[in-house]
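Numbering (the UniProt record's numbering), first residue to last: 1 to 195.
Backbone N, C-alpha and C fix where the C-beta goes; we use that ideal spot for every residue, glycine too.
Written out as C-alpha cells, the structure reads:
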C-alpha cells in the first residue's frame, strides 16, 4: 500500500485535503474515525471518505489489519448494485483512509424522519437492503452491523427509492468472528442478528 505524502491541509486554497481528496463537508467525527463528503481532485468525482484517527492508525493491530485488507481487497472490496463500492484504500500523513462511492441520500434513520414511505417504497427499501446483505453472504462475509444508520436511501431521476448498504466496519472486515481486534463484540446491540 502506497502512502501519500501530500499535506492534509492544502495551503493553496485553505481547504482541508487528504491526499487527492478535498473535504467538501464533514458528516461525522468520532474518536476512531471521521466521515467526510469529499471531492477526488484527480477524477473530479464526489466520494465518501472515512479517515481513521491518528491514534487508531498507529495501533499495530490496525496497521496489520490494513495490510490484510490491502492483500484481500479483491475479495472484500467488491462491486454490487446494493452496496457502496470501495474505491480506494490508502494512507496519507500516517492516517489510513477508505474512499467509497457517494450516493446522494441520507441514512434510513434520517429518511424516516423526513418521509413516511408508502408500502411500495417500504418493501423496496427492505428488498434492496436484503440484496446488499446477500452480496456479503455470497462472498462468505459477515456484515456485522446492518442497522438503519448503515442503510443509505436516495431517489433516482424517476423518484424511485434507491438503497445501498454501507460496507462493513473496518475492524469487522478482517475478523472471522463478531469479535473485533480489540476483543469487543462488534455491531450495535439493538440490531445484532444471528447473521
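| Is residue 89 closer than 9 Å to residue 48 when the C-beta atoms are compared? | If you number the chain shown from 1, residue 48 lands on position 48. If you number the chain shown from 1, residue 89 lands on position 89. Against a cut-off of 9 Å, the Cβ pair of residue 89 and residue 48 comes out as no contact.
| field | Which residues DSSP lists as bridging residue 35, in chain order | value | Reading the chain shown from its first residue, position 35 is the one you call residue 35. Beta-bridge pairing links residue 35 to 28 and 50.
| said: Suppose only complete runs of 4+ residues qualify. What are the alpha helix (DSSP H) ranges in the stretch 63-135, listed by chain order? | reply: 73-76 and 108-114
| query | Among the residues of its own chain, which have a CB less than 6 Å from the CB of residue 170, if the five just before and after it don't count? | reply | Along the chain shown, read from residue 1 onward, the residue named residue 170 stands at position 170. In this prediction, residue 170 has a pLDDT of 48, which is less than 50 and means its spatial position is unreliable; nothing more can be read from the coordinates.
| request: With DSSP as the reference, label residue 18 as helix, strand or coil. | output: Indexing the chain shown from 1 puts residue 18 at position 18. Taken through DSSP and simplified to helix, strand or coil, residue 18 comes out as strand.
| query | Distance, Cα to Cα, residue 173 vs residue 56? | reply | Position 173 of the chain shown holds residue 173. Position 56 of the chain shown holds residue 56. Any reading at residue 173 needs caution, since the residue's pLDDT is 43, under 50, leaving its predicted position unreliable; the model's value is listed next. Residue 173 and residue 56: Cα-Cα distance of roughly 16 Å.
| task | For the beta strand (DSSP E) holding residue 146, just list the boundary residues, first then last. | result | The sequence position of residue 146 within the chain shown is 146, counting from 1. First-last for residue 146: undefined, no H or E at that position.
| request: Tell whether a beta-carbon distance below 9 Å holds between residue 95 and residue 38. | output: Walking along the chain shown from the start, residue 95 turns up at place 95. Walking along the chain shown from the start, residue 38 turns up at place 38. Remark: C-beta atoms of residue 95 and residue 38 do not approach each other more closely than 9 Å.
| query | For residue 153, which option in 121, 24 and 27 has the closest C-alpha, if you only look at C-alpha atoms? | reply | On the chain shown, position 153 is the one that residue 153 refers to. When only C-alpha atoms are compared, the closest one is 121.
| request: With DSSP collapsed to three states, give me the class of residue 171. | output: Position 171 of the chain shown, counted from the start, is the residue given in the question as residue 171. Summary for residue 171: the model assigns pLDDT 37, below 50, so the residue's position carries little reliability, and this model does not support an answer.
| query | What separation, rounded to the nearest whole angstrom, lies between the Cα atoms of residue 79 and residue 87? | reply | Position 79 of the chain shown holds residue 79. Position 87 of the chain shown holds residue 87. Answer to the nearest angstrom: the Cα atoms are 10 Å apart.
| message | Considering only the alpha carbon of each residue, which of 137, 69 and 162 lies closest to residue 108? | response | Within the chain shown, residue 108 is the residue found at index 108, counting from 1. Cα-wise, what sits closest to residue 108 is 162.
| Exposure of residue 137, with buried meaning 16 or more beta-carbon neighbours within 10 Å | The residue given as residue 137 occupies position 137 in the chain shown. So residue 137 counts as exposed.
| field | Opening and closing residue of the beta strand (DSSP E) in which residue 164 lies | value | Working through the chain shown from its first residue, we reach residue 164 at position 164. Where residue 164 is concerned, the enclosing beta strand (DSSP E) stretches over 161-165.
| task | Could you name the residues that DSSP lists as bridge partners for residue 156? | result | Here residue 156 refers to the residue found at position 156 of the chain shown. In DSSP, residue 156 forms no bridge with anything.
| said: For residue 151 and residue 93, what's the separation of their Cα atoms in angstroms? | reply: In the chain shown, counting from the first residue as 1, residue 151 sits at position 151. In the chain shown, counting from the first residue as 1, residue 93 sits at position 93. For residue 151 and residue 93, the distance between alpha carbons rounds to 31 Å.
| task | Please go through the same chain and pick out, in chain order, the residues whose beta-carbon is closer than 7 Å to the beta-carbon of residue 82, but skip the five residues on each side of it. | result | By one-based count along the chain shown, residue 82 stands at place 82. 128, 131, 132, 135, 163, 164 and 165.
| From residue 147 to residue 167, what distance separates their C-alpha atoms? | The count along the chain shown starts at 1 and reaches residue 147 at position 147. The count along the chain shown starts at 1 and reaches residue 167 at position 167. Roughly 12 Å separates the two Cα atoms.
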